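Note sheet for the following structure.
In this note's numbering, the protein residues as written are -19 to 129.
Written as structure tokens, this is what we have:
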């Protein structure tokens, strides 16, 4: 049996993805994020950044501008919604659920709230926290999708 390849997502691809998301968000001139900007932002060797860009492009998480002569990689011009979720700049259903539970815990712990409000917050937190993962994630997905009013 062949040994699996080492996982490069956490150590290489994710830092580059986060730098790309940050760079694209700050790119007010729509010129794209350069290889050198990614090397500077991540502190990774250029070869690792190039490998990460190839992997992220291949998985359609990032988009590159048309090729310019002599560039080893093209400038990154856009990122997908999934890329933003992976980078942590957009909530996932899991993070939304965690945030809802944390908000309920804060309400339940707030001594300025009346006892009835604290008790209701504790009950809701307990119901959501004890619900199956499927129900909690479905609730968070509905909240993120604007299906709850």
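Backbone N, C-alpha and C define an ideal beta-carbon position, used for all residues, glycine too.
The structure presented is a predicted model; accordingly, all values stated were derived computationally and were not measured.
CB contact check: residue 118 to chain B, cutoff 8 Å: Chain labels in this structure do not include chain B; a single protein chain is all it has.
Helix, strand or coil at residue 56 according to DSSP, with G and I counted as helix: Residue 56 falls in the strand class under three-state DSSP.
Close Cβ partners of residue 15 (< 6 Å) along its chain, the five nearest in sequence each way excluded: Once the five neighbours on either side are set aside, the close Cβ partners of residue 15 are 53.
Own chain residues within Cβ distance below 6 Å of residue 121, not counting five before or after: For residue 121, the CB contacts under 6 Å within the same chain, skipping 5 residues up- and downstream, are 73 in chain order.
Residue 39, buried or exposed, once every other Cβ within 10 Å from all chains shown has been counted against 16: Under this definition residue 39 is an exposed residue.
For residue 27, the three-state DSSP class (helix, strand or coil): Residue 27 falls in the helix class under three-state DSSP.
CA-to-CA distance, residue 81 to residue 96, given in whole angstroms: One C-alpha to the other measures close to 18 Å.
Spatial distance of residue 43 from residue 58 (CA atoms): In this structure, the CA atom of residue 43 is about 5 Å from the CA atom of residue 58.
Where residue 43 falls: helix, strand or coil (DSSP): In the structure shown, residue 43 sits in a strand (DSSP, three-state: E or B).
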